[in-house]
Amino acid sequence: MMSAHQPILIWGAGAIGGVLGAYWARAGLPVLMVDIVRDHVVACRTTGLSITGPVEQ
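Those letters in the sequence shown? Residues 539 to 595, by the working numbering.
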């Protein structure tokens, strides 16, 4: 069982990982996302991850 301090690790912060991470983060769970695409990582660190469209409904 996970303690309250252990983040959920998501390997790959693309379309699927990003959506899963967003839902868990919105639910108040700690999330750690890892990605190997440097430009993607830089964009997430500077502007954040934005989820829009039907997934918000």
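Using N, Cα and C, we set each Cβ at its ideal position, and we do this for glycine too.
Asked                                                                                                                                                      : Found
R576 to A551, Cα distance in whole Å?                                                                                                                      : 11 Å
Taking only three categories from DSSP, how would you classify I554?                                                                                       : helix
If you count every other CB in all the chains shown that lies within 10 Å of the CB of I554, and 16 or more means buried, which is it?                     : exposed
Tell me which residues share the same chain as W562 and place their Cβ nearer than 7 Å to its Cβ, disregarding the 5 neighbours each side in the sequence. : I546, V569
Provide the residue(s) that pair with I548 in DSSP beta bridges, ordered along the chain.                                                                  : M571
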